[in-house]
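Chemist: Each residue of the first sequence is one higher than the last, beginning at 1 in UniProt numbering.
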Amino acid sequence: MSWTDERVELLKKMWGEGQSASQIAKELGGVTRNAVIGKVHRLGLSNRATGATPAKAEPKEKPAPAPKAEAKPKPTPKTEPARPAAAPAAEAKPAVPARRQIIPAGQPLPPQPSANEISPEALAKVNEVEKKAKKLTLMELTEKTCKWPVGDPATEDFWFCGLPVEAGKPYCEAHVGVAFQPMSSRRDRRR
DNA sequence: CCCTGATTCGC
DNA sequence: GCGAATCAGG
Numbered sequence: 001m002s003w004t005d006e007r008v009e010l011l012k013k014m015w016g017e018g019q020s021a022s023q024i025a026k027e028l029g030g031v032t033r034n035a036v037i038g039k040v041h042r043l044g045l046s047n048r049a050t051g052a053t054p055a056k057a058e059p060k061e062k063p064a065p066a067p068k069a070e071a072k073p074k075p076t077p078k079t080e081p082a083r084p085a086a087a088p089a090a091e092a093k094p095a096v097p098a099r100r101q102i103i104p105a106g107q108p109l110p111p112q113p114s115a116n117e118i119s120p121e122a123l124a125k126v127n128e129v130e131k132k133a134k135k136l137t138l139m140e141l142t143e144k145t146c147k148w149p150v151g152d153p154a155t156e157d158f159w160f161c162g163l164p165v166e167a168g169k170p171y172c173e174a175h176v177g178v179a180f181q182p183m184s185s186r187r188d189r190r191r
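As structure tokens, then:
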């Protein structure tokens, strides 16, 4: 595979949207995340606060450019093979018993955030994150997608966060924040 | 262990 | 220019 104009464009677009190199690579197909990263660097566009970077350059945060509702003009031949929607198990506690692999998603677990005493900060973060949520359906969830449900399951307005999970956990960082409240989350000065 | 991006360096 | 291997961090 070579870096055709189109591919480079998609690369730029996705990178700009904050997609991870691996996601981009998967999307492009035929390349590894290393290739993507290498290309990104060669193209000069690199920095973008994420994961692990020695240079913590994060001058300006981009609130929200103008993400439109996603149209997929992609002639991409390979689409993710729909995962078998097995859905037997159903955890009872959000304890993180999930070994690895097989995380059907019978009925995911999360205790919807009510008007609890959760860190207002965490909640704010969640609300902010929900805008970026990938809005996945039950069958689209994987071991690596946040399984935090949003909306009313009884309506059309229901979906799962779907953002990258916090290694090992069932939710993305933001949702882990409100899902696993140690105990009384008062005003601790821990940060 | 999972993931992230950054760098190096042979091709 | 390319990207696997490696590195460094979360």
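Where is the CB? At the ideal position from N, CA and C, for every residue including glycine.
#1: Check whether the stretch 36-44 and the stretch 173-180 touch, using three or more Cβ-Cβ pairs below 8 Å as the test.
#2: In chain order, what residues of the same chain have a beta carbon less than 6 Å from the beta carbon of A21, not counting five sequence neighbours either side?
#3: Whole angstroms are fine: how far does the CA of Q23 sit from the CA of W148?
#4: Could you check where the alpha helix (DSSP H) with G16 kicks off and where it finishes?
#5: Whose C-alpha, out of P170, K125 and K13, is nearest the C-alpha of E143?
#6: Measure the C-alpha to C-alpha separation of K78 and K26 and round it to an integer number of angstroms.
#7: Output needed for L28: all residues of its chain with C-beta closer than 8 Å, excluding positions within five of it in sequence on either side, in chain order.
#8: Please name the residue in T155, G30, T137 and K132 whose C-alpha comes closest to that of T4.
#9: Classify K13 as buried or exposed, calling it buried when 16 or more other Cβ atoms lie within 10 Å of its own Cβ.
#10: Give every residue of the same chain whose Cβ lies closer than 7 Å to the Cβ of G151, excluding the five residues on either side of it in the sequence, and list them in chain order.
#11: Under a Cβ-count criterion, where at least 16 other Cβ atoms within 10 Å of its own Cβ denotes burial, should T145 be classed as buried or exposed?
#12: Flag this pair as yes or no: are the beta carbons of L123 and G162 separated by less than 8 Å?
#13: Assign L141 to buried or exposed, taking buried as 16 or more other Cβ atoms, counted over all protein chains shown, within 10 Å of its Cβ.
#14: Check each candidate in H175, G168, W15 and G44 and name the one with the smallest Cα separation from A133.
#15: Between V165 and the rest of its own chain, which residues show a CB-CB distance below 7 Å, the 5 nearest in sequence each way excluded?
Modeler: According to the structure data:
#1: no
#2: R33, V36 and I37
#3: 20 Å
#4: D5 to G16
#5: P170
#6: Residue placement at K78 is poorly supported in this model, since its pLDDT is 39, which falls under 50; the coordinates are not used for a value here.
#7: M1, R7, L10, L11 and V36
#8: G30
#9: exposed
#10: D157, F158 and W159
#11: buried
#12: no
#13: buried
#14: H175
#15: K144, T145, C146, Y171 and C172
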